[in-house]
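Undergrad: Submitted below is the structure of interest, expressed as structure tokens.
In our numbering, the protein residues as written are 17 to 163.
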């Protein structure tokens with residue numbers, strides 16, 4: 017005995033349910049139904065799909081070649097960027113003042129790389145000056161409370 021899965025009516029040799037119109041062949045041939053209504057599978061994003069990544073010729077020292085490709089009229093070199101940031105951090109207030117002056121000079125240049133780095137250097141310089149002033153203030157308060 018076969019029953020309709022939708023309404024439960026008995027359907028022995030009928031081609032469809034007399035109550036709801038369900039066709040038993042829909043159950044026996046699910047592959048055909050799936051093929052008509054299925055959507056294509058969603059493409060999985062491959063990170064290396066649009067990149068020129070070659071495992072055999074990979075050079076881990078590409079950053080050294082990048083330094084030779086920098087246009088000095090539009091962007092400061094990587095070495096100068098690193099040295100200026102280290103100067104600002106290591107020499108505290110004098111380094112931060114020098115960093116602020118250099119950042120003002122960089123922001124006045126015509127290259128976008130200089131302007132962008134000048135803004136970043138100015139922010140780092142101001143943060144270092146504020147941290148140094150707070151540290152000096154705490155040190156003076158601690159020294160003052162000792163006596």
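Every residue, glycine too, gets a C-beta built ideally from N, C-alpha and C.
Quick one: what does DSSP say residue 49 is sitting in, helix, strand or coil?
TA: Note that residue 49 has pLDDT 49, beneath the 50 cutoff, so the model's placement of it is unreliable and no number is given.
Undergrad: Does DSSP put residue 18 in a helix, a strand or coil?
TA: It is coil, neither helix nor strand.
Undergrad: Identify every residue that forms a DSSP beta bridge with residue 26.
TA: Paired residues: 19.
Undergrad: Count the other CB atoms within 10 Å of the CB of residue 146; is the residue buried (16 or more) or exposed (fewer)?
TA: With fewer than 16 other Cβ atoms within 10 Å, it is exposed.
Undergrad: If you drop the 5 nearest sequence neighbours on each side, which residues of the same chain put their C-beta closer than 6 angstroms to that of residue 27?
TA: Result list for residue 27: 18, 20 and 33, in chain order.
Undergrad: Let me know if residue 158 comes out buried or exposed under the rule of 16 or more other beta-carbons within 10 Å of its beta-carbon.
TA: Classification of residue 158: exposed, given that the 10 Å Cβ count is below 16.
Undergrad: If you compare alpha carbons, which of 124, 117, 155 and 152 is closest to residue 140?
TA: Checked all of 124, 117, 155 and 152; the closest Cα to residue 140 is 117.
Undergrad: Helix, strand or coil for residue 151, going by three-state DSSP, please let me know.
TA: Helix at residue 151.
Undergrad: Work out the CA separation of residue 135 and residue 108 for me, nearest whole Å.
TA: Each residue's alpha carbon lies about 18 angstroms from the other.
Undergrad: Considering only the alpha carbon of each residue, which of 104, 123 and 96 lies closest to residue 114?
TA: Ranking the options by Cα distance to residue 114, first place goes to 104.
Undergrad: Would you kindly work out how many angstroms separate the C-alpha atoms of residue 120 and residue 87, rounded to a whole number?
TA: Answer to the nearest angstrom: the Cα atoms are 20 angstroms apart.
Undergrad: Return the CA-CA distance between residue 151 and residue 132, expressed in angstroms with no decimal places.
TA: Those two C-alpha atoms are separated by around 29 angstroms.
Undergrad: Count the other CB atoms within 10 Å of the CB of residue 144; is the residue buried (16 or more) or exposed (fewer)?
TA: Buried: at least 16 other Cβ atoms inside 10 Å.
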